[in-house]
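Taken in sequence, the protein lines are chains A and B. Its first residue numbered 1404, the first sequence is counted upward by one per residue in this note's numbering. Its first residue numbered 5, the second sequence is counted upward by one per residue in this note's numbering.
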Amino acid sequence: MPKRLYLKLLLTMRLTIVIIIACFMQVSASSLAQKVTLTKSSASLRSVFKELNKQTGYNFFYTDNLLENSSPVDINVKDAELSAVLNQIFAGQNLDFIIRNKTVIIKPGTHVSQEIISGFVGDAKDHKPIPGVAVSIKGTKSTVQTDKNGKFTISIPKGAESLEFRFIGYKTVNVPISANSNYTIYMEEDQVSLNETVITGMVDRKVSTYTGAAKTMTAAELKAVSPVNLFTAIGALDPSFRMIPNNTIGGNINALPQVTMRGQTSYPTLGAELVGNPNTPLFILDGFQVSLQAIVDLDMNQIASVTLLKDASATAMYGSRGGNGVMVVTTILPPRGKVEVTLSNNFTLSSPDLSVYHMLNSMEKLDFERRVGFTNSYRGDLINSERYKAAVSGVNTDWKSIPVQTGFNNRTNLALRGGDQSLTFGLTFSSNLLQGVMKGQDRKNYAGTFTLSYRTNKFTFQNQTIGTQVISNASPYGEFSQYLDLNPYWKPYDENGNVNKYLENINMGFGVGSSIVLNPLMDVTYNTIDDRNKNFNLRNNTSVRYDANKSLWFNGALGITKVNGTIDNFYSALDSRFNGVADLSTKGTYSINNSNSFMMDGTGSVNYNKNFGKHGVTVYAGFRVASAQVSSYTVSTQGFPFDRLDNILFAAQYLDSRPTGSESTVNNLSFTGSANYSYDNRYFTDLTYTRDGSSAYGVNNKFGDFWSAGLGWNMHNEEFLKDSKKINLLRIRASYGSTGTSVQDPYAAQFRYNLGTSTGYFGEVGAFPGGLGNPSLSWQQVLKSNIGIASAFLDNRLTFNAEFYNEVTQNALTTVSLAPSTGFPSYTENLGKIQNRGLQLDLGYTILSAPRQGLKWNVSVNAATNKSVLKKVSDKLKAFNAALNTNNADQTAENAQFVEGRSTTAIYAVKSLGIDPITGQEVYLKSDGTPTFVWDVNDKTYVGDTLPTWTGAVNSNFLYAGFGLNFSISYNYGAQVYNSTLLNRVEAVDARNNVDRRAYDLGWTGPGSVSPYRRITGSPTPTKLTSRFVQNDNNIQLSSVNLSYQFKTPFVRRLGLQNLTVSATTNNLATFSTIDIERGTDNPFAREYTFGLSARF
Amino acid sequence: MVKHSQTVLNLLMIASKPLKKYFLMKTTTLIIGIVAICATSFSCKKFLDVTPKTSLSEDQLFTSEAGFQQALSGVYGQLASSKLYGDNLSMGFVSALAQNYSTIDPASSVQLQQTQLLNYTSTEVAGYTNDIWSTSYSAIAAANKIIIHTETDRPVLTNSSYALLRGEALALRAFIHFDLLRMFGPEYTTGANQKAIPYKKDVNENANKPATTADVVKFALADLKEAENLLLTVDPIVTSDLRTRRNKLNYYGVKALEARIMLYSGNNSGAAAAATVVVNSAKYNFVTQAAASAISAGLVVRDRLYFNEQVFMIRVRDILPTVQRYFRFRGAVSQTLTRTPANFATLYQTSSGGGTDIRFLYRIEADAGSVFPSKFWQASSATTTISDNLLDQYVPGIRLSEMYYILAETASTPAAGVGYLNTVRLNRGITVLPNTITAETLKAEITREYQKEFYAEGQLFFYYKRIKALRMQFRNIDMAPGQYVLPIPDSELQFNPNYAN
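As structure tokens, this is what we get:
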């Protein structure tokens, strides 16, 4: 088809459409002569058209709303051509016209011609020019930069609406494009206090009149510390958030970290009655409660901000959930009026930190064995000679390096976000492929998010769907520490690189015992499936907001989460754990654990926010209905003769006669009311009340009441400080209130009956009591008081914040043992009392600030101290303590003890006076102060606490011309630790295993020898719990160094990019500690080196 | 609570429409609002009442008669578990205490060595006593729940099921407490006023004060009295000959238990009266020679338990593995629970006319050339269907013969007493005793009967205790009186403060 025909057809079609549409609208049409004479002033277009129609006979086609915004017409013509008249009429209008077949068609104007705009950008303070400001037209890609005099020139296409001025360190400015405006823009510096609001997860509050203790961190701040580990980053920025160090799991990527805020509100888990870790804070992601795992698996590139809510004012809204503090995470929302694509990639090398291990080499170990006395027998001598042969032939295996690797981790996040003023969308894909520092340990995390938001002037509707798939494997190499035990003169592989089945197989014959050592690496070759975890998580969050007017709005939200997970474990018959099992049908096991959970969380709220002169009022009232169901079952099978038959269907039989599993449902219902009143931005108060009900509570206590009251004073707004240049901010606030934590088993409050054939009788179904329910069981009430100061001095260069708090858990849940004559072994009760008291300090100083040169250097120091004290220990718990001691009369490892006035993390051991130089025996101090050689469990006393007195971090943030250098040093002071790894590797060593270099001297060697350690012999006796191995653990850690560069716009523009940032980060680079302890016994800690690339299109 | 939901919902309902339209929509909104409020306030309480899916809450269970029945079956099920009558209180622990078996090799899979040596401080004995103690009280707690709920949920039950359920639960409470008393409490005549065991009547976390022996007896008899009154009119066994009722603590079981307890506490006339009720009921007949000696095929086996003599018996569904572990010959006598042929000959007095005793002839059988007690020898497995013909999978609770022994012991004259004893002897295929024997001889003969009759059945040790026997048969050392009292488990002493003072 020729092009012309196309056009014509199109025109015809257009006209047809116009006509058809016109038929449905108000249409004016008539026909007459051509010359026009017209005199009108301030006449409407419609009346002018009518007149013209009368005179010329031309029809006028238009829709009513097209003329709505037209300006009145002034015209005075005589015998003029119609087209000239029309041109004159339409000159001031944003309208256009076409004349066709005696018809004038009116259409929206397109004739705003391309314009050139120029202007000047300066600093709001001193009006000096700012060079290098990015000036862009919103909604397009055209961007220019200001020159060294702050001048810019940009050509504006038709339809452009506004200009955007961007510069690092300054607030972004948007200016609408209007005809003949004078573009002189003064940009304001972006102050440190960029967080104007506190996001509480329920309602946003102005930080300037909020009495709650809350800390908000932006994604940029967090990523500057660690681009891959959220908790590490939060810990560096706010020391009240603490990751409890776990020396056993080390850097295991599949292990969940243990986190707390402001200490521990609960007793440690003693039995199955408490669920999970009872001290974990509440996690709120985009308004909905999520699990710790969901936060761990969240891609950091999705995060917009993290807010920690700490005191009663901030957490009372969460009622029985807020006692441990709340961490509110928000994700990035699609921008309005533009579309952007961001791509970020982080590549991380994680290498095992083996610097703390100093093991003996082959020759040293043999010498050690000889001195211990292993060669003093015919058998020992023979074994020694075989080993010596190996050692001289050059065997010196570095066993600790065998099960470890340098992990390659790759995180990619691709996001497409944008939309117009009413409809926005966001589409995000992320993949997170991790390798652990143990070989075979991996974690693959894929996530997709789709967000759709629609806004009319009153209604906002938003829906977000998130799908996450995680596949992880534990290392088939097992515990790392077992490789430390292996002797260096053993060879793991033969000449051809195959795994040796035996590390040592010395047979002496003549019935003399031989030495056989199996190679643990052999099991690794058997296609083992070790905790293969597949987890699929689907979340859908819907929210509706209705703005009745500017100060009143309503929110409704519904979140639904479905999680399905399986954990597989497979060991074939060849695995060494089945050595000695003869029956082939019982060798080899496969078990599958399947878990399902479904969570529903619905909220509704009314919000009111208005200022009446000097009075500001904010009111929130809401309710929440939530339900969480979790169920799981495990099927275990056995009989897998061959290691390639790695499917459960190959099983010969079931391992246990029946599947095991669990089920729980918890329903929650709560009503929250909260109000804030402020006067003149000087005095303000917060009041919160929450009534919270849970199905997990006993019938006598179905509902709990939680409340808070807070007062604040903005001293800097008072007359006497208002104009002070030195004091820019001085805010004092205090709050008191009650929150709670509910950590009990969902059914612990109920008297339950188990049914089944095993409890049946004579063909009848039997029901038998499964647990003595406590009808009074309820939440743990945490009474929190908090005093906080926020201040800024010297033109906001110096900031100082302090928080002092006292939190008392009134009725902590504990499991108490019962006399068996009650019919039940134990019972859960609210009877403990725990106090946490602490102080948190935050000092920041801007050393350099020259935003025009893009130069900024901030240094901040923070410190936190927390003292956790058991205020009340019940008689039943005291009995528990006593039982622990009497049942373990010879203790070699520390155990939990509950002593009034001490913390839950206290260490108890018998005081030691050291090793007697004459006898080589340890001298203990009895509780009555007399020395003794005899270890007695009753002499155990308090010798330290694993919780540090002070923790904190020093952070430095340096920015210059697109370069960013950030480092973070964290420190811990005043903690003690029972150095059991030292004990097991240096003193109570099994000399058959490899030992630490410090054991080489064998400890005490004879009368007169002075040594901190007892004598090492071939037949060691265990070292009983002694203060000798309690050491001060003060450490400094270079937790993060981050270097980044943001490319200047002209360069990246050529690549079609708006923004390009590259970064390099290293985490856990170095640790300086007062003690020498093996870190990461099951899994070494990792040092991470991350390279990041982030691009926005 | 309702108030709150109303306020919030009202606000929300108002809010759900634009304000200017609100007044127009007022009526509609109001209706929706009211409906929503009604729905919410109605379901609020319900929403927070979540009941477990893998178990039943107390409130759910006791809403129907079937639930009561299940709870009661649960108590019987616990009684039948290996920690009580399924093993420890029958063929296992208590029989080993009574020296029913030869010395067990420490290498045997049967862990009863220290028990036979009466080494009460050993972890082995402590393990058994702890199991018996805690399982018994656990069953008592379950029975107590039923007793409490028969009152609080009385409307759920018909009159007859109320009487039956409550009666049985009360009787079970007495039965289990009495077993604990016999084991952990002092012998009655010397220790009536000594601290014995807690008599639990409520279910809570509080440990009760241990009652004295006399009080335990008093409480148990009171429970039995109430049970008896309830059961007499409603128990089907009184009016019919329902065999399945023998598996439950039926009316005659209650009377028999009463006789047993009264005898223990020295109330001879009361014991005799109660035993007479059982004997005179004519519900229970001695086993016939033919049934006891039957050589059978299939499931209908030789009646080794003397089924028709069981006043109360406990069905142990999974008894087979226990029995096999205990009695299956494994190459040496010391590997399993048995005695030498000579011991069995002594026990049944084969040299003085006991050779014809059916208990010896047909219940001391040979397996792989070695004799063993076949009382519990099983043909049925856990999956065998229950029928009236099923003669095994039972453990005796109270036998008819015990009633005759009680009557013999409590008879006014030895001549009267020997008559009762002779009834049993005749039915066991041995000669009658002359009615001229002295009271002393009668007592010795009764002891012999207890030894023969209750071999591997668990009653013998308690008999020895009651008569303060100086020596147990096959044990060559005298008994110290304290050895008849098993120590209260450590966990009870530790967590029950009332034991301390």
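Ideal placement from N, C-alpha and C gives every residue a C-beta, glycine not left out.
Whole-angstrom distance between residue j and residue i, CA atom to CA atom
{"i": "residue 419 of chain B", "j": "residue 449 of chain B", "result": "13 Å"}
{"i": "residue 2212 of chain A", "j": "residue 2186 of chain A", "result": "6 Å"}
{"i": "residue 12 of chain B", "j": "residue 1720 of chain A", "result": "The pLDDT assigned to residue 12 of chain B is 44, lower than 50, so where the model puts this residue is not dependable; a value taken from the coordinates is nonetheless given after this. Their Cα atoms are separated by approximately 15 Å."}
{"i": "residue 306 of chain B", "j": "residue 51 of chain B", "result": "58 Å"}
{"i": "residue 1462 of chain A", "j": "residue 1502 of chain A", "result": "9 Å"}
{"i": "residue 2500 of chain A", "j": "residue 1819 of chain A", "result": "9 Å"}
{"i": "residue 2348 of chain A", "j": "residue 2368 of chain A", "result": "36 Å"}
{"i": "residue 394 of chain B", "j": "residue 149 of chain B", "result": "32 Å"}
{"i": "residue 2489 of chain A", "j": "residue 2217 of chain A", "result": "36 Å"}
{"i": "residue 2090 of chain A", "j": "residue 2012 of chain A", "result": "15 Å"}
{"i": "residue 2460 of chain A", "j": "residue 1735 of chain A", "result": "20 Å"}
{"i": "residue 1702 of chain A", "j": "residue 1863 of chain A", "result": "26 Å"}
{"i": "residue 2015 of chain A", "j": "residue 2082 of chain A", "result": "10 Å"}
{"i": "residue 484 of chain B", "j": "residue 402 of chain B", "result": "28 Å"}
{"i": "residue 108 of chain B", "j": "residue 115 of chain B", "result": "8 Å"}
{"i": "residue 336 of chain B", "j": "residue 310 of chain B", "result": "29 Å"}
Min CB distance residue i to chain A below 8 Å
{"i": "residue 498 of chain B", "result": "yes"}
{"i": "residue 465 of chain B", "result": "no"}
{"i": "residue 468 of chain B", "result": "no"}
{"i": "residue 78 of chain B", "result": "yes"}
{"i": "residue 491 of chain B", "result": "no"}
{"i": "residue 472 of chain B", "result": "no"}
{"i": "residue 207 of chain B", "result": "yes"}
Range covered by the beta strand (DSSP E) that runs through residue i
{"i": "residue 3 of chain B", "result": "Here chain B comprises residues numbered 5 to 505, so residue 3 of chain B is not present and cannot be evaluated."}
{"i": "residue 1591 of chain A", "result": "Taken as a continuous stretch (DSSP letters only), residue 1591 of chain A belongs to no beta strand (DSSP E), as it is neither H nor E."}
{"i": "residue 2085 of chain A", "result": "Counting along the chain, residue 2085 of chain A falls outside any beta strand (DSSP E), and DSSP gives it neither H nor E."}
{"i": "residue 2239 of chain A", "result": "2229-2253"}
{"i": "residue 2023 of chain A", "result": "2018-2041"}
Beta-carbon neighbours of residue i, restricted to chain A and to distances below 9 Å
{"i": "residue 141 of chain B", "result": "2222, 2223, 2224, 2225, 2226 and 2227"}
Contact with chain B by residue i, beta-carbon distance below 8 Å
{"i": "residue 1803 of chain A", "result": "no"}
{"i": "residue 2172 of chain A", "result": "yes"}
{"i": "residue 2001 of chain A", "result": "no"}
{"i": "residue 1518 of chain A", "result": "no"}
Outcome for residue i when other beta-carbon atoms lying within 10 angstroms are tallied against a minimum of 16
{"i": "residue 1724 of chain A", "result": "buried"}
{"i": "residue 1911 of chain A", "result": "exposed"}
{"i": "residue 2495 of chain A", "result": "buried"}
{"i": "residue 46 of chain B", "result": "Note that residue 46 of chain B scores 48 on pLDDT, short of 50, meaning its location in the model is unreliable; the coordinates nonetheless yield the value given after this. Exposed is the call here."}
{"i": "residue 2296 of chain A", "result": "exposed"}
Closer than 8 Å at the beta carbon, the chain A residues around residue i
{"i": "residue 57 of chain B", "result": "2034, 2066 and 2068"}
Contact list for residue i against chain A, beta-carbon separation under 7 Å
{"i": "residue 51 of chain B", "result": "2070 and 2072"}
{"i": "residue 65 of chain B", "result": "2156 and 2170"}
Residue span of the alpha helix (DSSP H) that contains residue i, given as start and end
{"i": "residue 1607 of chain A", "result": "That residue, residue 1607 of chain A, is in no alpha helix (DSSP H); its beta strand (DSSP E) goes 1607-1609."}
Proximal chain B residues relative to residue i, where beta-carbon distance stays under 8 Å
{"i": "residue 2097 of chain A", "result": "52"}
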